[in-house]
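To keep things clear, I will list the structure first and then write my remarks on it.
Residue numbers (UniProt numbering): 1 to 68.
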């Protein structure tokens with residue numbers, strides 16, 4: 001979502017929440033390789049609100065109910 005280095009801010013947190021609310025996005029992989037502020041904000045939100053998928057480090061499941 002953040003490009004090769006994780007710093008491409010093409011996705012915003014508001015857009016991500018919109019996609020999750022609409023049921024268009026259910027899974028996302030979060031890694032700590034990116035340094036972009038927007039991507040860090042997204043990663044923090046996903047880790048706080050999503051459900052970690054066991055056996056897959058950094059993979060989270062998101063549902064509309066996760067968007068408060």
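Just so it is clear, CB atoms sit at the ideal spot from N, CA and C, and this is done for glycine as well.
DSSP bridge partner residues for residue 52 (one or two, in chain order): The residue given as residue 52 occupies position 52 in the chain shown. Answer by DSSP bridge pairing, in chain order: 60.
Residue 50 classed as buried or exposed, judged by whether at least 16 other C-beta atoms fall within 10 angstroms: Residue numbering aside, residue 50 sits at position 50 when the chain shown is read from its first letter. So residue 50 ends up on the buried side.
Residue nearest to residue 67 in terms of C-alpha spacing, selected from 11, 23, 31: As a position in the chain shown, residue 67 is number 67, starting the count at 1. Among 11, 23, 31, the Cα nearest to that of residue 67 belongs to 23.
Pick from 21, 46, 25 that is closest to residue 31, judged by C-alpha positions: Residue numbering aside, residue 31 sits at position 31 when the chain shown is read from its first letter. For the options 21, 46, 25, the alpha carbon positioned closest to that of residue 31 is the one of 46.
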